[in-house]
Amino acid sequence: MEDVAIRIVDLQKSFGEQRVLDGINLEVEAGKITVIIGKSGGGKSVLLKNVIGLIKPDSGEIWIDGVETTSLSERDMNNIRMKFGMLFQEAALFDSMDLFDNVAFPLREHTKMSENEITSTVEERLKQVGLTGFSEKMPSELSGGMRKRVGLARALVLDPEIILFDEPTSALDPIISLTILDLIKQTQTYFKKTYLVISHDILGMFRIADKVAMLYNGKIIEYGTPHDIKRSTNEATKEFLNATKIPGFTGGDL
Ligand SMILES: Nc1ncnc2c1ncn2[C@@H]1O[C@H](COP(=O)(O)OP(=O)(O)OP(=O)(O)O)[C@@H](O)[C@H]1O
Ligand SMILES: [Mg+2]
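Be aware that the sequence shown starts at -7, since it is given in the working numbering, and climbs by one per residue.
Laid out in structure tokens, this is it:
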């Protein structure tokens, strides 16, 4: 894989009169954690769905590992999707399957692994996310944080080159959020894959990001390290950062 895992060029997407993406340009570095921040309703999920081919843009290009994907047939796009793991905003588990089968699903769909190989892979992934011994539980028996961890295990199970995370810490309490963020950081440090994370949780995201991109009015208006973004002089960025300050937080640890 080249240094740039995902290259987005002049991407535009409108729904009716509403222009959500208005010329997105972004290069996502391979083997790094890139976080896209921006306000709720700003188009972060729409951007991610374009990357994975669930939404087609009106114009622009998306290059993944050197292949332009917006013009691919559904079948060719399916092959590209094999490179991806995805943790959806609502962990999107199969409610009728226990944890083991949820995590095993991509292996059964996309590989010819034997049941023994599947068992050892799934158990290893469940262990990585701290859910050893839970494989027979149903999603409805789990807390929100546990469901996210199952989603993470499933996103990791095929050893994908690129993992997309849509709001990995939304709807979680602050302690569980930190656990999930640390888990994301640890797995990325270990596997060195490309992680693209979208979130409006700035405090959390600045803990794990190598690079941060700020989405505003349909464009990426800032790109840099968390350190760069924290020192931004751009009014929209400053306003966004200030709006998320929590009582007692000085900004010093961002
Ligand atoms: N399939 C769709 N059809 C019509 N409008 C859509 C569709 N998907 C998203 N939108 C609109 O696009 C805008 C951006 O939505 P999106 O879900 O990308 O926001 P977001 O930045 O992910 O917000 P949040 O942080 O709350 O998840 C919203 O106004 C939304 O209503
Ligand atoms: Mg969203």
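The beta carbon of each residue, even a glycine, is placed where N, CA and C say it ideally should be.
Looking at the structure shown, is residue i part of a helix, part of a strand, or coil, going by DSSP?
| i | result |
| --- | --- |
| Leu39 | helix |
| Ser112 | helix |
| Leu175 | helix |
| Gly216 | strand |
| Arg67 | helix |
| Phe241 | In this prediction, Phe241 scores a pLDDT of 46, lower than 50, which makes its location untrustworthy; the coordinate-derived value is nonetheless stated afterwards. In the structure shown, Phe241 sits in coil (DSSP, three-state: anything other than H, G, I, E or B). |
| Ile194 | helix |
| Met138 | helix |
| Val290 | Nothing can be reported for residue 290: it is not among the residues displayed for the chain, which extend from -7 to 246. |
| Gly52 | strand |
| Arg223 | coil |
| Met(-7) | Summary for Met(-7): the model assigns pLDDT 49, below 50, so the residue's position carries little reliability; its value from the coordinates is reported in the next sentence. Note: Met(-7) maps to coil in three-state DSSP. |
| Glu128 | coil |
| Glu9 | coil |
| Ile44 | coil |
| Leu85 | coil |
| Asp90 | coil |
| Ser169 | helix |
| Thr181 | helix |
| Pro98 | helix |
| Gly33 | coil |
| Thr229 | helix |
| Leu250 | Look at the range of the chain in this structure, -7 to 246, and you will see that residue 250 is not part of it. |
In this structure, what does DSSP give as the bridge partners for residue i?
| i | result |
| --- | --- |
| Gly77 | Ile155 |
| Asp14 | Gln4 |
| Thr186 | Ile154 |
| Leu207 | Ile212 |
| Val27 | Val189, Val204 |
| Glu60 | Trp55 |
| Lys(-2) | The sequence shown places Ile at residue -2, not Lys. Answer is Val20, Ile56. |
Considering Cα atoms alone, identify which of the options is closest to residue i.
| i | options | result |
| --- | --- | --- |
| Val1 | Gly45, Ile54, Gly34 | Ile54 |
| Asp249 | Ser63, Leu188, Glu128 | The structure shown has nothing for residue 249, since the chain only spans -7 to 246. |
| Tyr187 | Ile194, Gly196, Lys203 | Lys203 |
| Gln180 | Phe92, Leu3, Ala22 | Ala22 |
| Ile200 | Val189, Met206, Gly210 | Val189 |
| Val142 | Pro152, Asp151, Gly122, Lys36 | Gly122 |
| Leu207 | Gly8, Asp14, Met74, Thr124 | Asp14 |
| Ala(-3) | Glu9, Ser6, Thr26, Ile16 | Thr26 |
| Val124 | Leu91, Ser135, Ser132, Lys140 | Checking the sequence shown, residue 124 turns out to be Thr, not Val. Of the candidates Leu91, Ser135, Ser132, Lys140, the one whose C-alpha sits nearest the C-alpha of Thr124 is Leu91. |
| Asp250 | Asn209, Gly210, Leu233, Lys211 | For the chain, the structure presents residues -7 to 246; residue 250 sits outside this window and is missing. |
| Arg146 | Lys104, Thr113, Leu40, Asp68 | Thr113 |
| Gly210 | Lys36, Glu9, Gly8 | Lys36 |
| Thr236 | Leu40, Ile194, Arg223, Pro218 | Ile194 |
At a cut-off of 7 Å, is residue i close to ligand 1 when judged by its beta-carbon and the heavy atoms of the ligand?
| i | result |
| --- | --- |
| Ser32 | yes |
| Phe97 | no |
| Gln4 | no |
| Phe7 | yes |
| Val204 | no |
| Val27 | no |
| Val43 | no |
| Val12 | yes |
| His219 | no |
| His192 | yes |
Please determine whether the Cβ atom of residue i lies at a distance below 7 Å from any heavy atom of ligand 2.
| i | result |
| --- | --- |
| Lys140 | no |
Below 7 Å from a heavy atom of ligand 2 - residues by beta-carbon: That query returns the following residues: Lys36, Ser37, Gln81, Asp158, Glu159, Ile190.
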